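Counting in the UniProt record's numbering, the final residue of the sequence shown is number 256, and the numbers go up one at a time with none missing. Okay, so here's the structure we're looking at.
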Amino acid sequence: MKDTHRKWERRFRNEEYPTDPEPSPWLFDCIEAAPGRGTEAGAAPEAEAEREADTDHHVEGPDADVPGSHVPNADTTGRDGPPRALDVATGTGRNAIPLAEAGFSVEAVDQSRAGLRTARSRARERGVAERIDWIQADVSTMPIPTSRYGLVAISFFRTIDRLPDLKRSLVPGGVLFVEHHLRSADDVELGSSDERFRLASNELLRSCLDLTVLHYEERTEVREDGRKSAIAEIVARKSSGNAQSYPRFDHGGARR
Numbered sequence: 001m002k003d004t005h006r007k008w009e010r011r012f013r014n015e016e017y018p019t020d021p022e023p024s025p026w027l028f029d030c031i032e033a034a035p036g037r038g039t040e041a042g043a044a045p046e047a048e049a050e051r052e053a054d055t056d057h058h059v060e061g062p063d064a065d066v067p068g069s070h071v072p073n074a075d076t077t078g079r080d081g082p083p084r085a086l087d088v089a090t091g092t093g094r095n096a097i098p099l100a101e102a103g104f105s106v107e108a109v110d111q112s113r114a115g116l117r118t119a120r121s122r123a124r125e126r127g128v129a130e131r132i133d134w135i136q137a138d139v140s141t142m143p144i145p146t147s148r149y150g151l152v153a154i155s156f157f158r159t160i161d162r163l164p165d166l167k168r169s170l171v172p173g174g175v176l177f178v179e180h181h182l183r184s185a186d187d188v189e190l191g192s193s194d195e196r197f198r199l200a201s202n203e204l205l206r207s208c209l210d211l212t213v214l215h216y217e218e219r220t221e222v223r224e225d226g227r228k229s230a231i232a233e234i235v236a237r238k239s240s241g242n243a244q245s246y247p248r249f250d251h252g253g254a255r256r
């Protein structure tokens, strides 16, 4: 794990990883389906102040631009203010920044100090710095609060072992979005060369059968640069019952 951390720290520091990666089009469908979307993007100043007082954890002094190692408090549900989202393994802010632009109060976690520094700079440029708490932590071991988030997003980080905790972190009606690289018999150029860090077929689906699965897909795709990848993608909601509502998704846009 330490070797993996050092590899990603080096990639972020040397800008070998995209500094402005595109989020999945499905993320925007998840945003529309998440609870609490009635809140406008601009929260009341007192709500913003309360949020900052509750979760402020940034380092002060000469390293003020460096994220801290704060772990979210559990007692936050039922408060007024914007809906909360968690971006797991945020990297340079792939999901965190569009979530903040959509009006969420975001907690963005990554182990890489260099990646988070880039992400925070991007958030300033996009005008959403005050909506995101950057948390430097190891997702595989950090405490995860229950019933806190309306949306949890995980892009290209194998976290099957933590999925039970992440699912419990959703509020009723909360939405989980996961995308990750698959093991594939085809030649693929994106994702880890170590099969242990890829998902087996239907592994992600089986891990989410206690949720209401709104979308699941396994596919091979070719990126604009010509590289091929094998991807598993799921959108699931924390809900139960024999009769439920099912949003109609416009892949890459919003709910219709």
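Note that beta-carbon positions come from the ideal geometry of N, C-alpha and C, so glycine has one too. These numbers were taken from a predicted model, which means no experiment stands behind them.
Range covered by the alpha helix (DSSP H) that runs through residue i
i: residue 86; result: Unbroken run through residue 86 is the beta strand (DSSP E), 84 to 88; no alpha helix (DSSP H).
i: residue 163; result: 163 to 168
i: residue 100; result: 96 to 101
Contact belief for residue i with residue j at Cβ below 8 Å, rounded distance in angstroms
i: residue 34; j: residue 166; result: The pair is not a contact, with the Cβ atoms about 15 Å apart (cut-off 8 Å).
i: residue 25; j: residue 98; result: Contact doesn't hold; Cβ gap of about 11 Å is too wide.
i: residue 235; j: residue 204; result: Contact doesn't hold; Cβ gap of about 11 Å is too wide.
i: residue 31; j: residue 102; result: 5 Å
Nonlocal neighbours in the same chain, by C-beta distance under 8 Å from residue i, ignoring five residues either side
i: residue 174; result: 34, 35, 149, 150, 151, 152, 237 and 238
i: residue 122; result: 19, 20, 92, 93 and 97
i: residue 169; result: 86, 144, 145, 146, 147, 148, 149 and 152
Same chain, Cβ closer than 6 Å to residue i, neighbours up to 5 away in sequence not counted
i: residue 138; result: 111
i: residue 20; result: none
i: residue 213; result: 236
i: residue 129; result: 123
Through-space distance from residue j to residue i, alpha-carbon basis
i: residue 136; j: residue 83; result: 22 Å
i: residue 233; j: residue 199; result: 11 Å
i: residue 250; j: residue 96; result: 21 Å
i: residue 157; j: residue 140; result: 10 Å
i: residue 223; j: residue 88; result: 23 Å
i: residue 100; j: residue 244; result: 28 Å
i: residue 176; j: residue 104; result: 15 Å
i: residue 127; j: residue 163; result: 31 Å
i: residue 119; j: residue 154; result: 16 Å
i: residue 131; j: residue 124; result: 10 Å
i: residue 241; j: residue 28; result: 26 Å
i: residue 90; j: residue 217; result: 22 Å
i: residue 202; j: residue 225; result: 28 Å
i: residue 210; j: residue 172; result: 13 Å
Three-state secondary structure assigned by DSSP to residue i
i: residue 118; result: helix
i: residue 177; result: strand
i: residue 34; result: coil
i: residue 203; result: helix
i: residue 133; result: strand
i: residue 143; result: coil
i: residue 23; result: coil
Unbroken beta strand (DSSP E) run spanning residue i, endpoints
i: residue 219; result: 212 to 222
i: residue 228; result: 228 to 237
i: residue 153; result: 149 to 155
i: residue 110; result: 105 to 110
heavy atom of the ligand PLP below 6 Å from residue i C-beta
i: residue 30; result: Absent from the structure shown: the ligand PLP. Ligands present: none.
Own chain partners of residue i with C-beta closer than 7 Å, once the 5 adjacent residues on each side are dropped
i: residue 116; result: 67, 110, 134 and 136
i: residue 207; result: 160 and 163
Residue-level contact to chain C via CB, residue i, 7 Å cutoff
i: residue 95; result: Any reference to chain C falls outside this structure, which holds one protein chain only.
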